[in-house]
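Accompanying notes for the structure given below.
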Amino acid sequence: MAWLRFLGTALLACRLLLAAPAAVAHPMPESLVWLDTTPGGMRLTAQLPLNRLEFAFGKPLSERPAEVLARHGDRLAAYLLQHVGVRGAGASWQVLRPALRVVDLNGAPELEAVFDLRAGSADARAPELVYDAITHEVRTHRVQVFLRNDWQGGRVGEAPLLVGELSHGHNTLFVPLDRERAAGGFTSLFEGGMLHIAEGTDHLLFLLMLLLVAPLTAQARRWQALRTPRAALAHTALVISAFTAGHTVTLVLGSLGLVRVPAGPVEIAVALTIAVAGIHAWRPLFARAEAWMALGFGLVHGLAFSASLSGAGLTPWQHAQALLAFNLGIEAMQLLVLCAVLPPLLMIGAARPAWHAHVRRTLAAVATLMAGAWVAQRSGLADLGDAAWLGDGGAVPAVLVCLLWLGALLCLATTPRAHGRRGSLRA
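Numbering (mature numbering (1 follows the signal peptide of the UniProt record, and there is no 0)), first residue to last: -25 to -1, 1 to 402.
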């Protein structure tokens, strides 16, 4: 019967070999630690997989995660207080009892523990993390530590910074914090709001479409004469204010987590708003309701803005300041765009009405085509390939604005004063 034993051994070996890739594809669960500085110290958020924590804690936890806190909440808090600490300049920080909850991350139950750490007399800008929860017992366990927000140092609204990794025998980690700056977080988010518009070709193109027809009047589904400068400014202010009101509402709601929409559908919706605005610039669709159009489309763009401003790890006061700073940065860049686009449009419309109509139709066609390409790409129907750069960095809108100014200067240079009056822009 030796051949049967040989066959059984061979089958077992094959089974183990086939199972090996699956084992490699499912790495051991790790703990994650998120650090957020506060005025008095730091907030630490730890996420610990229950199926590893139970080995260190000495009690089964993963089988009935819903009962973990009711049965072991106090003892888990005491356990964590023994294995989590911070020190600075030789002095230990005060660690308060953590707030605990069990969360489900991709089907795996984890314990989330949020600690308030108070520096006291220690140096709050030179913390050293002391952490060996689970790792003191489970030698293969790893803990990844991220700096999420440093309000005083001006690091807010950015991707979390991986500070380092802790493991068995390696339980201390220095947390690098930048020098404290006055209004560091506010300034950083104001700049972030400006950059979000400046580097977003889709948002810039939408603003350009709003400004392109804001100075015009419409009759019988046709764009007509240019408004007077005062009337053009008043109507432009109304449209831009409506857009601002719309995106402010959803920026706040999205950042607070009260409205959650997946990023993919939001990006597709943003591209669709540009397509509709481009068609409207070619032929008026909302001649008497442009402010309402701007308000509604602003709600969509605000959802996209909110994806760049998560309130995770911020105190309520910091979050309020973050919303204000980020929104002010957006408004500042919108004002710069308005100052860059509106003057040449008014100059071309006053000097050469026919030129203005050609410029409007050309820009509307460019924006609509680009929006269609974005819809196809973002919905997975097409790949822009080498043309993907068109959507990055705001290069296309910058070129279009330069061409607008070139056309305006050409109009001034070639138009006699007698022809500088307002005319018809029908199209």
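Glycine included, every Cβ here is placed at the ideal spot set by N, Cα and C.
- Bounds of any beta strand (DSSP E) do not take in L270; it lies within the alpha helix (DSSP H) bounded by 265 to 281.
- The continuous stretches of beta strand (DSSP E) do not include R50, which lies in the alpha helix (DSSP H) extending over residues 43 to 58.
- Three or more beta-carbon pairs drawn from the segment 211 to 228 and the segment 273 to 284 are found closer than 8 Å, and the two stretches are therefore classed as touching.
- In the structure shown, the three-state DSSP call for V89 is strand.
- The shortest CA-to-CA distance from T225 to any of S285, H255, H210, V105 is the one to S285.
- Comparing alpha-carbon positions, the option among R327, G65, L231 lying closest to A388 turns out to be R327.
- By the Cβ neighbour-count rule, D49 is exposed, with fewer than 16 other Cβ atoms within 10 Å of its own.
- In the displayed model, S67 falls within a strand according to three-state DSSP.
- In terms of Cα proximity to A297, the closest of L311, S281, M308 is S281.
- Three or more pairs of CB atoms, one per stretch, sit closer than 8 Å, so the segment 120 to 139 contacts the segment 11 to 23.
- When the Cα atoms are used, G304 and E166 turn out to be separated by approximately 6 Å.
- In the structure shown, E112 falls within a coil segment according to DSSP collapsed to helix, strand and coil.
- If you check the CB distance, V113 and F30 come in under 9 Å.
- Judged by their CB atoms, I254 and T390 are not nearer to each other than the 9 Å cut-off.
- DSSP lists no bridge partner for A287.
- Per the coordinates, the alpha-carbon of A53 lies some 34 Å from the alpha-carbon of R154.
- Here the C-alpha atom of E242 lies approximately 8 Å from the C-alpha atom of V350.
- DSSP places P372 outside any beta strand (DSSP E); the residue lies instead in the alpha helix (DSSP H), whose first and last residues are 370 to 389.
- The beta carbon of L182 is closer than 7 Å to those of Q309, V312 in its chain, skipping five residues each way along the sequence.
- Looking only at L278, A45, P84, I172, the smallest Cα-Cα distance to H222 is reached by L278.
- Counting C-beta atoms within 10 angstroms of its own C-beta, H145 has fewer than 16 neighbours from the protein chains shown and is therefore classed as exposed.
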